[in-house]
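One structure is given here, and the rest of the page talks about it.
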């Protein structure tokens, strides 16, 4: 148990810990972690690590995993550690922490969430509405998106005015395997297609089905 173990918890639970903190404490944590990640001197790095530990000990509940990892440690000085493997582990740990506050790109989870949000915001039908037209909402050739609240929806572009799926949609959804990758296929239909210079879903009924199918086959060949 010790500083390294506690900081490992911080790295793994960064998001959860960060949201528990008051704004001032969160800002202080960010500043300390940046300093820790960029501090080459082991004694100064240890001092910074202890400041992080003290800050989170004041801010987190006593039974929090961070404080449990910290409890009972002798807090051996990093300056006394000469084992290469131990030092390498420490450098990897501080690097992973530094990435939390210095990486200028969204986390993978955030990217996925944003992608889902815009697709779910597009016009869609419920299972009841699909069934009302005599269609099976769980047919493998239909795109079915699961919402964070546990509900489901079917992108509306798939259906013609009489409620039946467009023939070209059925074929392309099978070509792109909508049953296995509904989000990816929905993104293909609703996002800008660089070859067509347009959004494929808006081209249904406007161009030949064969042209849309060629676009889908081109997409599949790139996968």
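Residue numbers (our numbering): 59 to 281. Think of the CB as a built atom: it goes at the ideal place given N, C-alpha and C, for glycine as much as any other residue.
Under 7 angstroms, Cβ to Cβ, is there at least one residue of chain E near residue 224?
The question asks about chain E, but that chain is absent: this structure has only one protein chain.
Quick one: residues in its chain with C-beta nearer than 8 angstroms to the C-beta of residue 262, no 5 flanking neighbours on either side, listed in chain order?
Within the same chain, 215, 224, 226, 227 and 270 come within 8 angstroms of residue 262 by CB-CB distance, once the 5 residues on both sides are set aside.
In chain order, what are the residue ranges of uninterrupted beta strand (DSSP E) at least 3 long that sit wholly in the segment 149-226?
Segments of the beta strand (DSSP E) lying fully in the segment 149-226: 210-213.
Based on Cα-Cα distance, which residue from 253, 267 and 157 lies nearest to residue 276?
Nearest option by C-alpha distance: 253.
Taking contact to mean 3 or more Cβ pairs, one atom from each stretch, closer than 8 angstroms, check whether the segment 148-159 and the segment 68-86 are in contact.
When Cβ pairs closer than 8 angstroms are counted between the two stretches, the segment 148-159 is seen to touch the segment 68-86, the count reaching three or more.
Check each candidate in 266, 210, 116 and 256 and name the one with the smallest Cα separation from residue 240.
Comparing Cα positions, the closest option is 210.
Tell me whether residue 150 is buried or exposed, calling it buried when 16 or more other Cβ atoms sit within 10 Å of its Cβ.
Exposed, because fewer than 16 other Cβ atoms sit within 10 Å of the Cβ of residue 150.
Once you ignore the five residues that flank residue 91 on each side, which residues in its own chain have a CB closer than 6 angstroms to its CB?
By the criterion of a C-beta distance shorter than 6 angstroms, residue 91 is surrounded in its chain by 155 and 159, once the five residues flanking it on both sides are discounted.
What does DSSP give as the partner residues of residue 251 in its beta bridges?
DSSP, once it has assigned bridges, lists 256 as partnering residue 251.
What separation, rounded to the nearest whole angstrom, lies between the Cα atoms of residue 188 and residue 255?
In a straight line, the C-alpha of residue 188 is about 30 angstroms away from that of residue 255.
Roughly how many angstroms lie between the CA atoms of residue 61 and residue 208, to the nearest whole one?
Computed Cα separation, rounded: 40 angstroms.
Exposed or buried, what is residue 231 when buried is set at 16 or more other beta-carbons lying within 10 Å of its beta-carbon?
The residue in question, residue 231, is buried, as its Cβ has 16 or more Cβ neighbours within 10 Å.
Residue nearest to residue 63 in terms of C-alpha spacing, selected from 246, 126, 192 and 229
Among 246, 126, 192 and 229, the Cα nearest to that of residue 63 is on 126.
Can you tell me where the alpha helix (DSSP H) with residue 82 in it begins and where it stops?
Note, residue 82: alpha helix (DSSP H), 81-96.
Same chain, Cβ closer than 8 angstroms to residue 132, five either side skipped, listed in chain order
With a pLDDT of only 47 at residue 132, under the threshold of 50, the placement of this residue in the model should not be trusted; the figure read from the coordinates follows. Cβ neighbours of residue 132 within its own chain (closer than 8 angstroms, five residues either side excluded): 60.
Please report the residue range of the alpha helix (DSSP H) in which residue 61 lies.
Counting along the chain, the alpha helix (DSSP H) containing residue 61 begins and ends at 61-70.
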